[in-house]
Structure formats: structure tokens, C-alpha cells
Amino acid sequence: EMEAGAGTALYPAHRCKTIYLVRHAQGIHNVEGEKDFAAYKSHALLDAQLTPLGWSQVDTLREHVTKSGLAKKIELVIVSPLLRTMQTAVGVFGGGNYTDGASASPLMVEGAGNSGRQPISSLNCPPFLAVEACREHLGVHPCDKRSSITKYRTLFPAIDFSLASTCCC
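Reading the sequence shown from the start, the letters are residues 505 to 673 in my numbering.
Written out as C-alpha cells, the structure is:
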């Protein structure tokens with residue numbers, strides 16, 4: 505029998521892909537739910553956005569991903585079509601600050617989801633694909649429901665929403 509890590513693998517490394525899973529940063533629903541679990545049922549938390557702490561977490565992870573060299577290895581970012589997950593993914597793996605007149609659409613427009621953030625460029629970063637099946641669960645809590653893809657397309661113009669459902673469930 506072969507021991508794990510003995511140097512041979514079922515598939516050669518050049519034929520394999522590495523998948524990194526990243527959970528969204530802190531959202532407003534996380535804060536409210538920690539104070540009072542019943543808050544998860546509040547419609548004010550529909551499609552919850554990131555908190556200022558959440559954006560700080562995004563900035564910290566982006567810095568780590570960049571310094572470690574991982575940013576240059578990412579070939580595709582697959583993201584759940586929820587506001588907080590797209591904010592996290594774009595903030596971590598997106599290009600730098602977007603400037604008007606750039607040759608590509610921004611990944612995220614200025615202030616998307618009440619973020620107060622500058623627009624984020626789609627240049628020099630991997631493609632982004634929103635996939636409905638990546639959502640945590642389709643629960644009963646409003647924070648787990650999302651806005652329309654039409655709205656998202658205006659907030660995140662360079663994300664491909666072709667694999668996201670048109671319903672807002």
C-alpha cells in the first residue's frame with residue numbers, strides 16, 4: 505500500500521486545478537444576528553451588504569493574497585450572486601482602483617451596496633462568474649435572499665451573470 509504524500513498522485517499536477525474557498529466578510533446581518541437571532545427575519549437585512557469591519561477584512565485578505573503571490577495564480581473567480589459575496593470577491597481578487605475612460609468595465613461601481621468604496625477595475629484580474637448554485641442555502645431569512653440580476657449588472661458590470669437565475673429567490 506502507498507502512504508499518503510509518497511510523491512505519486514492519481515493525476516499529474518499539471519492536469520489538476522487548485523480550488524480556494526473564501527467565505528464572505530462580515531455583513532450587516534452577522535452583526536444584527538449576533539445581537540438578536542430574531543433579527544435574521546428582518547426584511548431590512550434583505551441581501552445584506554458588508555459592514556465597515558467586513559471591508560477591513562476584505563482589505564486584509566487582499567493584501568495577503570497579493571503579498572503571497574496567490575493573486576497571480578487565480579484563473580477564475582466563481583462567486584455566489586449575493587451582494588456581500590460579490591463585494592468580498594471583487595474587493596479581494598479585483599483589479600486596482602477604476603479610472604474613468606478605462607478600456608474595460610469596472611468590476612464594481614462606486615459605492616455599490618452602500619459601501620462608500622471607490623470603483624474597482626476589471627483590468628489585470630481574473631474573470632468573475634456568478635453562479636446561483638454557490639449560494640449557502642435558499643433559507644427563509646431575508647439576508648439569504650438577493651436582489652435582481654438586473655440590479656447587480658449595474659453594480660458589478662464586469663461580472664458574468666449568465667449562470668445566475670433571473671428570479672430573486
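Here a beta-carbon is modelled for each residue, glycine too, at the ideal position from N, C-alpha and C. Keep in mind the model is a prediction, meaning the values are calculated, not measured.
Residue i by DSSP, collapsed to three states: which one?
{"i": "I523", "result": "coil"}
{"i": "P646", "result": "helix"}
{"i": "F660", "result": "coil"}
{"i": "I653", "result": "helix"}
{"i": "L549", "result": "helix"}
Should residue i be labelled buried (16 or more other beta-carbon atoms within 10 Å of its own) or exposed?
{"i": "T654", "result": "exposed"}
{"i": "A517", "result": "exposed"}
{"i": "G659", "result": "Note that residue 659 is Leu in the sequence shown here, rather than Gly. With 16 or more other Cβ atoms within 10 Å, it is buried."}
{"i": "N674", "result": "The first residue shown for the chain is 505 and the last is 673, placing residue 674 beyond what the model contains."}
{"i": "L554", "result": "buried"}
How would you write the range of the alpha helix (DSSP H) that residue i sits in, first residue to last?
{"i": "D563", "result": "556 to 571"}
{"i": "V594", "result": "587 to 597"}
{"i": "I532", "result": "532 to 539"}
For residue i, which of the options has the nearest alpha-carbon?
{"i": "K577", "options": "G595, R527, C629", "result": "C629"}
{"i": "P610", "options": "Y656, K539, A668, G558", "result": "Y656"}
{"i": "T522", "options": "L580, S560, Y544", "result": "L580"}
{"i": "S560", "options": "L574, T592, A548, T570", "result": "T592"}
{"i": "K545", "options": "F660, A662, D648", "result": "D648"}
{"i": "P661", "options": "G620, M590, P646, S669", "result": "M590"}
If you follow the beta strand (DSSP E) that residue i is part of, which residue opens it and which one closes it?
{"i": "A634", "result": "632 to 635"}
{"i": "V613", "result": "From DSSP, V613 is part of no beta strand (DSSP E); its letter is neither H nor E."}
{"i": "I578", "result": "No beta strand (DSSP E) holds I578; DSSP gives it neither H nor E."}
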